[in-house]
Structures are given as C-alpha cells and as structure tokens.
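Peer 1: Chains as they are written, first to last, in our numbering: chain A, 515 to 784; chain B, 515 to 784. Heads up, the beta-carbon is just placed ideally off N, CA and C, and yes, glycines get one too. First, the structure itself, so that you have it in front of you.
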C-alpha cells in the first residue's frame with residue numbers, strides 16, 4: 515500500500531522535485547509485530563536530513579500514522595518514507611515555501627537467507643567509487659546513482675553486498691549498509707564526513723559500544739587495512755548485522771564480534 | 515501538457531527509480547515556431563547519456579512525436595524530456611530488462627530580461643562546490659542536489675546564475691549553464707571529465723569554433739584565471755548566450771565574443 519500526502523494512490527506529480535532533481539530524503543523502516551522498529555530514532559534522522567537540505571519535515575505523529583496505515587495490511591514488512599521538496603516553479607531554485615511531498619510505501623521484507631547472518635556474506639569490491647561531497651555526506655538523500663552503478667556491477671544473487679571506496683581508496687560502506695572493522699583490539703567505522711550515508715544502525719552500534727565502555731573509532735580505513743582486519747561486518751535497519759566472510763580474495767572465519775554487536779542491538783530495544 | 519509513456523497524465527508511479535534514486539537522465543529543449551530546436555543533437559545527447567547509465571533509450575521518432583504533441587498547445591515553449599529506468603524490484607540493483615519511463619513536459623519559455631543577452635548578467639559565486647565523480651561527469655542525469663543547493667544560495671532575481679567551482683577551486687559551470695572564458699587570445703571552456711554537465715550548446719560552440727579555425731581549448735580554469743579573463747560568457751539551449759558582467763567583485767564591459775558566438779550559433783541553424 516502507498517500513501518501520498520495521506521491519500522491512497524500510487525503516483526506522484528511528474529513535476530515533483532524528488533523526480534526532477536532527487537531533491538528529497540528517505541528512510542527504510544522495519545515493521546515487526548505491527549511496530550515500526552526504532553521509529554523515534556528514524557524520525558530524528560529524517561528530521562535531521564530534511565533540515566540539512568532546508569526541507570520542512572512533516573510532523574512525527576502524521577508520519578507515524580501514515581506508516582501504521584500502510585503497514586497494517588502487510589504484517590511484518592518494510593516501510594519506505596520519502597520526503598521531497600514537492601513541486602514548484604521550473605528550475606533549480608527551491609520554492610520559498612515548499613509544499614513537501616510525503617510518500618509512504620509498505621512492501622514485503624526482503625527474504626535474505628538465514629545463512630547471511632550466521633555464516634557471513636561475500637562482498638563484491640565495487641569499481642564505482644564515491645565522490646567526496648562534504649555538503650551532502652551522511653545525508654540519506656535521493657541522489658543515489660553512485661549506489662545504483664555500484665550495485666549493477668555484479669549479478670550473483672549469492673553476493674548480497676558490495677564494498678564502496680572513496681576516490682582515495684578508503685573503504686566507506688556497502689551499497690546499502692554501513693561498515694565496521696575489528697582490528698587493533700577495537701571497533702572502527704569509516705569516517706563519513708566526505709561521502710556515504712550515516713545510517714541509524716551504525717549510530718546505534720556506536721552508542722551501544724560507548725555505553726559498554728568499548729572504544730569505537732571513526733577513521734578513514736584504507737582498503738588494505740580492511741583486508742587485514744580480524745573481522746568485518748555490515749549493518750543496516752533491515753538486515754541487522756552481517757559478518758563478511760569474503761572480499762577481494764580475503765576470507766574470514768566467523769568471529770565473535772558480529773554476534774556480540776547483534777546482541778547489543780537486541781538489548782538496546784527501541 | 516504532460517505525456518507519460520505516451521498517455522496524457524500528470525503523474526508517475528511512486529515506485530519509479532527516477533524518484534527513488536535519481537536513476538535517469540533529462541533534456542530541456544526549446545520549441546520555436548512549432549519546431550524543436552536542435553532536436554537531432556538533443557536526441558543524440560539523450561541517447562548517449564542513457565547509454566552511459568545502461569538505460570535503453572526510447573526511439574527518436576517516438577520521442578519526437580510526443581514532444582510535438584505536448585508542445586502543440588503551447589506555441590513557443592520549453593519541453594523537458596525525462597527518461598528513467600522505470601520501476602523495478604526493491605533495492606539499488608537495476609532490473610535486467612527495465613521498462614523505462616518517458617516523461618515529456620511542455621511549459622512556458624522562461625521570461626528573462628532582454629538585457630541579460632545585451633548587457634550581460636551578474637553571476638553569484640556559489641559556496642556549494644561540485645564533487646569529483648568521473649563516472650557521472652558530463653551526463654545530464656537526475657542527481658542534481660548540488661545544483662539545487664548552489665541555486666538556493668541567493669534570492670536576488672536580478673542575478674540569474676551562479677558560478678560553481680570544483681573541490682579544488684576550478685570554475686566548472688553555472689548551475690544551469692556552461693561556461694566559456696576569453697583570454698590569451700582564445701576561447702576556453704572548463705574540462706568536464708570530473709564534474710559538470712557537458713551541455714549541447716557548449717558542444718555547438720566548440721564545433722562552430724573549430725569550423726572557423728578558431729582554437730577552443732578545454733582546460734581546468736582556476737577561479738583566479740576566470741576573474742582575470744577578458745570576457746566570460748554562459749550558454750545553454752534555452753538562454754542562448756549571456757555575457758557575464760559581474761562576478762565576485764570583478765566587472766566586465768560588454769566585449770565582442772558573446773555576440774560573435776551567438777552569431778555562430780544562429781548560422782549553424784539546426
């Protein structure tokens with residue numbers, strides 16, 4: 515089911531700036547047992563991303579209601595919320611008082627093999643690299659052609675994710691996941707001040723580590739360092755935590771960290 | 515009037531990848547006297563941009579018919595054609611056989627003061643800089659948040675354009691125009707191998723120069739060089755040629771080059 519500005523319809527105006535320019539932001543939210551997992555946290559991120567682009571963010575209660583309405587007929591599912599700057603006069607100049615578009619789409623939860631969580635995943639090394647754009651780094655905006663190009667590089671369904679590097683060869687993220695490496699006796703996640711999406715689960719892992727007195731560094735991680743790490747794992751709100759078992763010829767045996775981090779996230783609740 | 519896949523409607527599916535990811539390309543075409551100006555050239559660019567993203571480009575005759583149909587009720591107007599990779603399964607992976615979406619939108623020609631052409635324009639120096647992304651450079655794709663952010667930096671309607679630099683401080687383009695400088699006895703346009711849109715009129719100016727035995731260099735142009743140039747002018751398919759009369763404190767008197775280049779373009783016809 516799809517709600518657009520609260521109305522059950524499946525289409526948006528062709529003049530919407532989300533389509534014309536990718537002028538908007540989005541979130542992907544897991545719904546389990548009729549509850550939107552980590553809703554508060556998701557909404558905070560959405561509001562923060564809207565603010566970074568000067569798009570007025572719709573009220574939390576309104577979006578929560580629309581999310582619940584779209585999810586109702588699905589049971590456990592994934593709901594995508596897109597907020598765009600709406601339609602407006604022709605050209606790049608944003609309208610002074612934008613009438614934002616709210617798009618809420620419920621769909622089935624992707625059906626990944628249980629094995630990805632338990633034994634880990636193979637990760638393609640993407641040739642498509644992320645551009646350095648400090649002004650947009652971290653934001654989950656609608657300009658995602660780099661991710662599309664990266665994800666189009668391989669067709670083997672048994673490989674669910676690809677590693678994206680920045681232009682200098684540092685590991686930044688998966689195409690749809692954030693990344694952690696375990697080495698030097700600690701946890702490190704890539705610095706996202708120049709590119710990448712600062713995902714909600716990445717933040718939750720960092721918070722959980724801090725709560726437990728475990729150091730979690732934020733650094734540039736050259737590919738060579740990632741390939742030498744004791745463990746590598748991927749996170750997002752839908753998949754949870756996937757250990758990486760293979761990337762660019764390097765293989766890893768299952769280590770303790772992914773499972774431990776998964777337990778942290780479960781304990782943190784909503 | 516709007517045609518979407520040939521049907522008169524004003525909306526697109528909310529699941530379209532053009533909206534979700536900016537996964538598509540576009541062109542803006544001037545229609546005068548019921549003729550789409552430089553249609554052949556526009557279509558060639560559209561096909562080339564589609565090809566760069568592995569999006570199948572609709573047939574030329576089909577798009578030409580739809581363009582004519584939307585323009586018919588407008589007289590002189592501007593038609594925007596958007597081609598997206600259509601809808602598909604969830605996630606970044608492009609569908610194997612995409613059913614592309616064709617969006618053809620006719621609208622009024624922007625009403626710029628005649629003075630912009632004759633006396634030149636003031637150009638804002640944008641703080642938003644273009645990221646270096648060789649894989650997407652040159653393509654007129656739908657990921658245009660940088661242009662939106664740059665264009666939102668000023669609100670003075672008497673300033674119609676802003677200068678965008680790359681991360682190293684080289685002049686790349688306007689937010690909606692390509693750029694030429696006249697100095698060292700010749701014409702130079704910025705190298706667009708790392709960012710920017712390689713517009714049709716830029717190419718036509720380069721071709722016209724070559725035809726006339728006039729050198730037109732393609733180089734990186736540091737801001738300092740632009741500010742010291744004898745003349746600077748901006749081009750695109752809708753505005754034609756605008757001399758720049760002011761940027762970042764530097765002012766220019768009208769020089770002979772913009773008018774000469776405008777004459778070249780007129781002589782070249784379609």
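Quick one: grab the DSSP three-state call for residue 553/B.
Peer 2: The count along the second chain starts at 1 and reaches residue 553/B at position 39. Helix, per DSSP.
Peer 1: Are three or more beta carbon pairs between the stretch 539-555 of chain A and the stretch 540-556 of chain B nearer than 8 angstroms?
Peer 2: With a cut-off of 8 angstroms, the stretch 540-556 of chain B and the stretch 539-555 of chain A do not count as touching, because too few Cβ pairs lie within range.
Peer 1: List the residues of chain B that residue 537/A touches, going by C-beta distances under 8 angstroms, in chain order.
Peer 2: Here residue 537/A corresponds to residue number 23 of the first chain, with the count starting at 1. Within 8 angstroms Cβ-Cβ: 658, 659 and 662.
Peer 1: Taking Cβ to Cβ, would you say residue 620/B is nearer than 7 angstroms to residue 695/B?
Peer 2: Along the second chain, one-based indexing puts residue 620/B at 106. Along the second chain, one-based indexing puts residue 695/B at 181. Taking 7 angstroms as the Cβ cut-off, residue 620/B and residue 695/B do not qualify as a contacting pair.
Peer 1: Tell whether a beta-carbon distance below 7 angstroms holds between residue 549/B and residue 598/B.
Peer 2: Position 35 of the second chain, counted from the first residue, corresponds to residue 549/B. Position 84 of the second chain, counted from the first residue, corresponds to residue 598/B. No, the pair does not count as a contact, with Cβ atoms beyond the cut-off.
Peer 1: Could you check how far apart the C-beta atoms of residue 703/A and residue 664/A are, in whole angstroms? I think they sit under 8 angstroms.
Peer 2: Residue 703/A sits at position 189 when you count from the first residue of the first chain. Residue 664/A sits at position 150 when you count from the first residue of the first chain. Contact doesn't hold; Cβ gap of about 19 angstroms is too wide.
Peer 1: If residue 736/B and residue 745/B are in contact, beta carbons under 8 angstroms, what's the gap, nearest whole angstrom?
Peer 2: For the purposes of this step, residue 736/B is taken as the residue at position 222 of the second chain. For the purposes of this step, residue 745/B is taken as the residue at position 231 of the second chain. About 17 angstroms separates the two Cβ atoms, so there is no contact after all.
Peer 1: So which residues on chain A does residue 550/B lean against when the C-beta distance must stay under 7 angstroms?
Peer 2: Position 36 of the second chain, counted from the first residue, corresponds to residue 550/B. Result: empty, since nearest Cβ-Cβ is about 17 angstroms, beyond 7 angstroms.
Peer 1: Since residue 605/A is in the beta strand (DSSP E), which residue starts that stretch and which ends it?
Peer 2: Here residue 605/A refers to the residue found at position 91 of the first chain. Note, residue 605/A: premise wrong, no beta strand (DSSP E); not H, not E.
Peer 1: With the cut-off set at 7 angstroms, would you say residue 748/A and residue 675/A are in Cβ contact?
Peer 2: Numbered from 1 along the first chain, position 234 holds the residue referred to as residue 748/A. Numbered from 1 along the first chain, position 161 holds the residue referred to as residue 675/A. Yes; because the gap between Cβ atoms is below 7 angstroms, this pair is in contact.
Peer 1: Between which two residues does the beta strand (DSSP E) carrying residue 707/A extend?
Peer 2: Translated into the one-based positions of the first chain, residue 707/A becomes position 193. Segment: none, residue 707/A is in no beta strand (DSSP E) and carries neither H nor E.
Peer 1: How would you call residue 556/B, buried or exposed, if buried means at least 16 neighbouring beta carbons within 10 angstroms?
Peer 2: The sequence position of residue 556/B within the second chain is 42, counting from 1. It is buried - the Cβ of residue 556/B has at least 16 other Cβ atoms within 10 Å.
Peer 1: Enumerated in chain order, which unbroken segments of the alpha helix (DSSP H) with a length of 4 residues or greater are wholly contained in the stretch 570-632 of chain B?
Peer 2: Runs of the alpha helix (DSSP H) inside the stretch 570-632 of chain B: 574-585 and 628-632.
Peer 1: By Cβ distance below 7 angstroms, which residues in the same chain neighbour residue 683/B in space, the five residues on each side in sequence not counted?
Peer 2: Here residue 683/B refers to the residue found at position 169 when the second chain is read from its first residue. Around residue 683/B: 736 and 737.
Peer 1: Would you please verify whether the beta carbon of residue 713/B is less than 7 angstroms from any beta carbon of chain A?
Peer 2: Position 199 of the second chain, counting from 1, holds the residue named residue 713/B. Not closer than 7 angstroms to any Cβ of chain A, the Cβ of residue 713/B fails to qualify, so no.
Peer 1: Indicate whether residue 587/A and residue 515/A have their beta-carbon atoms separated by less than 7 angstroms.
Peer 2: Position 73 of the first chain, counted from the start, is the residue given in the question as residue 587/A. Position 1 of the first chain, counted from the start, is the residue given in the question as residue 515/A. For residue 587/A and residue 515/A, yes; Cβs fall inside 7 angstroms.
Peer 1: Closer than 7 angstroms by C-beta to residue 633/B: which residues in its own chain qualify, once you throw out the five before and the five after it? Chain order, please.
Peer 2: For the purposes of this step, residue 633/B is identified with residue 119 of the second chain, where counting begins at 1. Cβ neighbours of residue 633/B beyond the five flanking positions: 759 and 768.
Peer 1: Starting from the beta carbon of residue 649/A, find every residue of chain B whose beta carbon is closer than 9 angstroms, and list them in chain order.
Peer 2: Your numbering for residue 649/A matches position 135 in the first chain. What residue 649/A touches in chain B: 641, 642, 643, 645, 659, 660 and 663.
Peer 1: For chain A, check one thing: does any of its Cβ atoms lie closer than 7 angstroms to the Cβ of residue 607/B?
Peer 2: Here residue 607/B refers to the residue found at position 93 when the second chain is read from its first residue. Yes, residue 607/B counts as interfacial toward chain A.
Peer 1: If we cut at 7 angstroms on Cβ distances, does residue 533/A have a partner in chain D?
Peer 2: Checking the listed chains, one finds no chain D in this structure; the protein chains it contains are A and B.
Peer 1: Locate the alpha helix (DSSP H) running through residue 738/A, then write down its first and last residues.
Peer 2: Locating residue 738/A in the first chain gives position 224, where the first residue counts as 1. Taken as a continuous stretch (DSSP letters only), the alpha helix (DSSP H) holding residue 738/A covers 737-742.
Peer 1: State whether the stretch 598-614 of chain B contacts the stretch 710-729 of chain B, with contact taken as three or more CB pairs (one from each stretch) at a distance under 8 angstroms.
Peer 2: The stretch 598-614 of chain B is not in contact with the stretch 710-729 of chain B.
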